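Under the working numbering, residues 1405 to 2560 are what the sequence shown spells out, in order. The next block holds one structure in the form of structure tokens; read it before the comments.
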Amino acid sequence: MKKFRKVLDGLTTSSPGGTMGSPSSGSAAGTPTAAPTPKEIDIQETLVSENFQMCKTVRHGFPYQPTALAFDPVQKILAIGSRTGGVRILGRPGVDCYCQHESGSAVLQLQFLINEGALVTACADDTLHLWNLRQRRPAVLHSLKFNRERITFCHLPFQSKWLYVGTERGNTHIVNIESFILSGYVIMWNKAIELSTKTHPGPVVHLSDCPKDEGKLLIGFESGMIVQWDLRGKKADFRICYDEAIHSAGWHHEGKQFMCSHSDGSLSMWNLRNTLKPFQVTFPHGKIQKDGRKESCKPILKVEYKTSRSSEPFVIFSGGLSYDKAGRRPTLTIMHGKAITVLEMDYPIVEFMALCETPYNNEVQEPYAVVVLLEKDLIVVDLTQSNYPVCENPYPMDIHESPVTCTAYFADCPPNLIPILYSIGAKHKKTGYSQKEWPIAGGLWTLGCNTYPEIILTGHADGSIKFWDASAITLQMLYKLKTSKAFEKPKPVEGRAADLMEEDPFAVQMVSWCPQSRILCVVGISAHIILYRFSKYDANTQITSLEVRLQCESEDVISPSDNENNPCFSESGSHSPQTHHYHPASPGSKTPEGNKDTIPCLKVKERMVRVPPGYQAELVIQLLWVDGEPPQQITSLDINSAYGLLAFGNCNGLAVVDYLQKTILLCMSTLDLYGGADPYQRLTLPRRNRQSTSGLTELSDNQQSIDMERSKSPTSDHVNGHCTSPTSQPSAGKPRVPMGSEGPRLTRRGPGRPPFRKAQSAACMEISLPVSHTEESRENSFSRSRSSSVSSIDRDTKEAITTLQFGESYGRKNDALPNPCLWVGTSLGVALVIPMSIPTDHEERMEVPVTMGPSGTVLMLKGSVLRFGFLDCMGSLIQSPYEVWRDLNGPEDPDRVRKRKLVHFSPSSSQDSCGEGHLAVVCSERQAKVILMPSQSVLFVHNITESSFVLRADVVSVSNSVCLACFCANGHIMTLSLPSLRPLMDVNYLPLTDMRIARTFCFTNGGQALYLSSPTEIQRITYSQEMCDNLQEMLGELFTPIETPEAQNRGFLKGFFGGNSHNFDREELFGEASAGKASRSLAQHIPGQAGMEGMKVAASGVVGDLARARIALDERGQRLGELEERTALMMTSADVFSKHAHELMLKCKDKKWYQF
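Structure, rendered in structure tokens:
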């Protein structure tokens, strides 16, 4: 705990990081002359470094690039492996765990130790890993690295501790699961095949034990050879040489026959009595051609052969379609008797697995569902109904339904917001799902005690916005909004206009949302903004359209008609009105050359439309084309429901809209905002043509080019349009980047101004990306180094608006009371304050125009300005004022509030003891400052980074206090105390930051943050020690003690004639005593994690063992009790029998033999 005191008397602008004031505001003393100021600030900071710890919490979404699938039929949990070495383990909703192999190698195969709380993974680096699932965060217990052979297939029999491992050389090795040591027992390929065979059989593609006899192992080789190996006799029972390559095989539960799938699209059935040829060969999708031959078919990659008591067996396979039909979607075929059902999938099938009632392979399987893992989806097909409906997926697997282009994270939302959004979103849910519950229902999860409402917003390339309930580290879809419905369908264009048009014209670039007033503002890539209001009722509405020409030219002239109905700022003594244009909604026009001019990119629906309950579009603002060139993309946005104002900017300038009166208040270039206080000396150059490229969909996995990425700064619009919105909601888009240098288009330039002398903005630096057309290299090659480029400023003097923030503040040094203000941050490190005059009366507010104008207050920082925040003189965060939500479409009710109800957080409301004023926190790419308002004295300065630059920054609340959180391009996450800017945490979280993470990273209150870790997944993290301590309680249990189902009684005859599988002792056969030790050079054993993590693993394993032992003791006690009762009954029966026998003896004692 540290106390900071700062004497302000006599503090001048010559102090470190001093401000740059306007000439008219004075430059000597920082103390205001009119307003009273505190003699000293006494702020007690409570945050220390012990309050912070970096930790991943949970990952949502579909596993990116899946490769493998496994299911535990007793625990009912599912595991999915990915190409990047990740493993997702899923159970009931809330049970969702992500594990990552340190090597990052692709997962080839997964094998559960059924009902043992463990998982075996086989990776592409030829390593086997044993994961302990008896803890909330699984960890690797053992690893086994194969040195001389490559792993191709693994098989683990039920209730066995010996894992069969097939290799690329055709050999089969055996691994002890408990010790993870290789057995000396090896099935060599040259012993498995016939001696007369001259060719290598190929890699092992299948391994399975015979259901009738566990001592028989079926080995399938890629070339088409099938061998049943007698493990006891160490010899082959039979060998099958088939003409077609084998992909998979499946047993009948009786163990007398099996089925194979082949590369020619056929299925072959084999009987163990006669293995010379298959007794049945079928081409399920092969038709007989006119010449009598079968048409060629695609390979059947996998087949499963499952039996049922009440019906004929199920044969389920993927692939096998004929080649003649191009463009057909991937299919899953279900053969049940004579019925053949083909299920078309939206994406290629990676793996599928039939879910059965029993884990024993020698019992009737009774399949009830099929889990199908697709490249971008996970579905479950219900086999109990004849039409095979799909079960409704409870997991958020559709985040990537359209590529995610931006994210926003809101913690501690109003509690009534989530139920309302869910009730409205539930009305639009899809129907036709199976009535059966989701079968993957394992694990245990309970709602934690320290939960609060959290909402995540995701913007997508198709213009949709999804609202997600993120409370208690879960994720559930609440509501989906389609912004494209506000526009007419775009018409196809030709020529150069077609090259300039966006591929996804409705893609969402950034969002600004006020949860209290429920007002949503959406920025699209076509330089459009849509304002939505929330209503629980449907309505007939007509969308108002405003068109803004935010592209000021030197030849522009203001005519009286331009300003007649559109009030601009005005203030006596400040400066003259600036150039701005207001265009009423009109269809626009075209020049004879065919170029667009003074028209927007999209056409708003002009007719009256019926809108359903939920978010309803009220206003659309669009930037216009100028001289046949599209408008620059919007780089910053803020909306304030209490003021009724909306502000946005781009690399050309700033515009402010009154959305209550539907008028444009301000539209001017960035240079004109300075008036006479421009800190830079700018030189205008002639205009040159530019070309544009689209880039918002770069977050998707199908983007092909990054040529325009090579010289972009992640936070400057005139470099790549990547800016942080005023509410710390990231923009994921790229602007139309000039192909060459482009001259400025500014209206005014002071006489005799020399060109720029130095570059102080990180926005004018460069990022070097290697030229590559592959997604992996593009997204994982985010360079840290940026070389200074003074010439870039000389070539292009455009200054982008990078952040905006409405709030109660002081526009001038001599202001005595706070007023509504707009803080403006630019890409050259300049912060401007624009005061506003807003009528307070409700009726006047709807009629009297709002006036605003730059005050001349200019503050300077190093690098592009990213974020503003406001604290009172006690160090508490000042919230922005807002309007309490009211439903404008509700039924007529005399008790309903008709006037706007505003909630203000004035800086002077809670500081009677320390006078007037507040603290402004300004953060840029390289620097953070805390400034006392209205004196504009810089109290604290901290240079955040010199070698890198900040991508995201936000003032957040943590542990009942506030701090400044920053995310840098070099992967570091830092927190600074407020107001002293004392470093509290600096963690190298991401060793390599890619562009996707840079564009979607966002902070929120409570010490949480998120980013898009892949095109399909959202990763949530926390930097709060308190949440890290409570995380174990919030996560779900993967393993729950469940009694293993007992095997069915086989009966005397089946047990007698059905083989001697129960007499098979693997330990005796594979153990070191009989099989010896394996070669040390063949595989290397690697122990699992050590230290505290290993202790946690062991402790969790002991807890699981104790729980299972407790259940076993209970079962033993119950059985002992039953045995005691049976013994008592037998004793009673024996007493009764003895009594009756004694009575009979007495009765017959004196009788002769002939008397009976």
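For every residue, glycine included, the Cβ atom is placed at its ideal position computed from N, Cα and C. These numbers come from a predicted model, not from an experiment.
DSSP places residue 2039 outside any alpha helix (DSSP H), giving it a letter other than H or E.
Here the alpha carbon of residue 2068 sits roughly 37 angstroms from the alpha carbon of residue 1874. Fewer than three beta-carbon pairs drawn from the segment 1517 to 1526 and the segment 1805 to 1822 are found closer than 8 angstroms, and the two stretches are therefore not classed as touching.
The three-state secondary structure of residue 2429, taken from DSSP, is helix. Taking C-alpha positions only, residue 1709 is separated from residue 1743 by approximately 15 angstroms.
Secondary structure at residue 1643: strand, using DSSP grouped into helix, strand and coil. Excluding five sequence positions before and after residue 1888, the CB atoms of its chain that fall closer than 6 angstroms to its own CB belong to 1867, 1910, given in chain order. Of the residues 2046, 2047, 2005, the one whose Cα lies closest to the Cα of residue 2034 is 2005.
Each residue's CA atom was taken as its position, placing residue 2540 and residue 2447 some 39 angstroms apart. Classified as exposed, residue 1727 has fewer than 16 neighbouring CB atoms from the shown chains inside 10 Å of its CB. The residues 1459, 1461, 2411, 2412, 2432, in chain order, have a CB closer than 7 angstroms to that of residue 2426 in the same chain once the five nearest residues on each side in sequence are set aside. Exposure of residue 2535 is indicated by the presence of fewer than 16 other C-beta atoms within 10 angstroms of its C-beta.
Between residue 1792 and residue 1738, the C-beta spacing is below 8 angstroms. Under DSSP, residue 1456 shares a beta bridge with 2428. Residue 1754 sits in a strand when the DSSP states are folded into three classes.
Classified as exposed, residue 1450 has fewer than 16 neighbouring CB atoms from the shown chains inside 10 Å of its CB. Leaving aside the five residues that flank residue 1668 on each side, the residues in its chain whose CB is nearer than 6 angstroms to its CB run, in chain order, 1648. Contiguous alpha helix (DSSP H) elements confined to the segment 1861 to 1941 occur at 1900 to 1904, taking only those with 4 or more residues.
Per DSSP, the beta-bridge partners of residue 2071 are 2059.
Bounds of the alpha helix (DSSP H) holding residue 1822 are 1821 to 1830. The beta carbon of residue 1894 is closer than 6 angstroms to those of 1909 in its chain, skipping five residues each way along the sequence. Taking the Cα positions, residue 1453 is about 9 angstroms away from residue 2379.
Residue 1757 places its beta carbon 8 angstroms or farther from that of residue 1734.
Here the segment 2199 to 2213 makes contact with the segment 2042 to 2055; the two share three or more CB pairs at distances below 8 angstroms. Within the DSSP secondary-structure output, residue 2346 pairs in a beta bridge with 2332. At a Cβ-Cβ threshold of 8 angstroms, residue 1702 and residue 1725 count as neighbours. In this structure, the CA atom of residue 1771 is about 42 angstroms from the CA atom of residue 2016.
The C-alpha of residue 1528 is placed about 26 angstroms away from the C-alpha of residue 2401.
Here the alpha carbons of residue 1525 and residue 1613 stand approximately 20 angstroms from one another.
Counting only the Cα atoms, residue 1707 lies some 6 angstroms from residue 1652. Its Cα nearest to that of residue 1615, the residue 1562 stands out among 1825, 1562, 1585. Between residue 1935 and residue 2023, the C-beta spacing is below 8 angstroms. Shown here, residue 2005 sits in coil according to DSSP, grouped into three states, outside any helix or strand. If you draw a 10 Å sphere on the C-beta of residue 2544, you find fewer than 16 other C-beta atoms in it, and that means exposed. In the DSSP annotation of this structure, the continuous segment of the beta strand (DSSP E) that includes residue 1710 starts and ends at 1704 to 1710. Taken in chain order, the complete beta strand (DSSP E) segments of 3 or more residues contained in the segment 1614 to 1662 are 1620 to 1625, 1629 to 1634, 1639 to 1645, 1650 to 1655.
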